[in-house]
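*Asks:*
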Amino acid sequence: MIALKIATVHIAERVECSFHSAIKSGAPVYRAFNLTHQDVKAHKHANLLMLNGLDVPVSFCEGEIDLPQPQQFRYRSI
């Protein structure tokens, strides 16, 4: 989802961590930042990092982001 990719960039800025993948809809936010559950519990933004991707506030999904290279999205049918 493009909204979660935008949210990943905005949340990375907020929590001051670099991300290694986009936030996934069915996984905790902290997984996009390659953090462990123990790391997150000690983080000052633990409440945000512990959210499920589907529970990320819409305010983080707004706007546009500049990506170094154009991203190609693949869609698969079910």
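In the numbering used here, the protein residues as written are 11 to 88. For each residue, glycine too, the CB sits at the ideal point set by N, CA and C. Source: prediction; values computed, not measured.
#1: Leaving out the 5 sequence neighbours to the left and right, which residues in its chain are closer than 8 angstroms to Leu64 when beta-carbon positions are compared?
#2: Opposite Asn62 in the DSSP bridges: which residues?
#3: Tell me the DSSP secondary structure of Tyr85 in three-state form.
#4: In whole angstroms, give me the CA-to-CA distance for Ala22 and Lys51.
#5: Does Thr18 pass the burial test, meaning 16 or more other C-beta atoms within 10 Å, or should it be called exposed?
*Replies:* With the structure as the only source:
#1: Ser35 and Gly36
#2: Pro38
#3: The predicted position of Tyr85 is uncertain, since its pLDDT is 40 and thus under 50; no value can be drawn from it.
#4: 17 angstroms
#5: buried
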